[in-house]
Structure formats: C-alpha cells, structure tokens
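Per the working numbering, the very first residue in the sequence shown carries number 305; after that it's consecutive. This report refers to the structure that appears directly beneath it.
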Amino acid sequence: MSENCLIGGVLFEWDSNKAELVLKEHSLTMQECASVLINETTITKPDYRHYDEERFISTGYSNQAKILTVIWTDRGDRIRLITGFKATKDQTKEFHRG
C-alpha cells in the first residue's frame, strides 16, 4: 500500500511497509527523508545499479539537521521514495565537498 504527502510543493509517495522498515531500522520517517530532497544544498547522482527504473541517490540535510542519504525515483508527477538512512562517512565527506 502506498502513502503520500506534499512537502514544499512536491508530491512524495512511498510504500507503507517500507516506511515501517525504515522507521524500525534507521529511526527515520519517510517525511524526514523527503525533506532532504527539497533542501537546496542536497547533492544528487544517478544510481547505476541494475533496476527496472531510473533511480537516484541524494545526500543532504533533513529538516531535523541530520545528513541522510535517500534513494528515490521520479514518477513524473511525484517522487517515489525507495529508502533512506544516515549517510555513511564517505557519503558525508562527498556531501561536504559538494
């Protein structure tokens, strides 16, 4: 089942089961993960792993001032969040380098 919300004028959606897993494993809500994608300082790059859809990896500050990495895909009229987690040391270094 999908859930969605509007943040910063952008429609985000995610799988409710995945949201429960992200909350349990990483103590993050999907709303906090979504906030990373509307932050102007976030860096985004393509996820070149083999999927049936184009995916992106974004690292940046959440609305709770945490540096998170979020995996997502563009569905045209909405952003589909796949997962989110605290950025690794390497991802944090890359983010600070810009």
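Note that the Cβ used here is the ideal one computed from N, Cα and C, for glycine as well.
Continuous beta strand (DSSP E) stretch holding residue i: start and end
i	result
SER362	359-365
ASP351	347-351
Exposure label - residue i; buried when at least 16 CB within 10 Å
i	result
CYS309	exposed
GLU336	buried
THR363	buried
ALA369	exposed
SER331	exposed
Identity of the residues DSSP links to residue i by a beta bridge
i	result
GLY388	VAL374
LEU315	LEU310
ILE383	PHE316, ASP378
Residue closest to residue i, alpha-carbon to alpha-carbon, out of the options
i	options	result
TRP318	GLN395, THR396, THR387	THR387
ASN343	LYS397, ARG379, THR373	THR373
Sub-8 Å separation of residue i and residue j beta-carbons
i	j	result
ILE347	PHE389	no
SER320	GLU329	no
ILE375	ALA338	no
LEU315	ARG359	no
Residue i, enclosing alpha helix (DSSP H) - first and last residue
i	result
THR396	393-401
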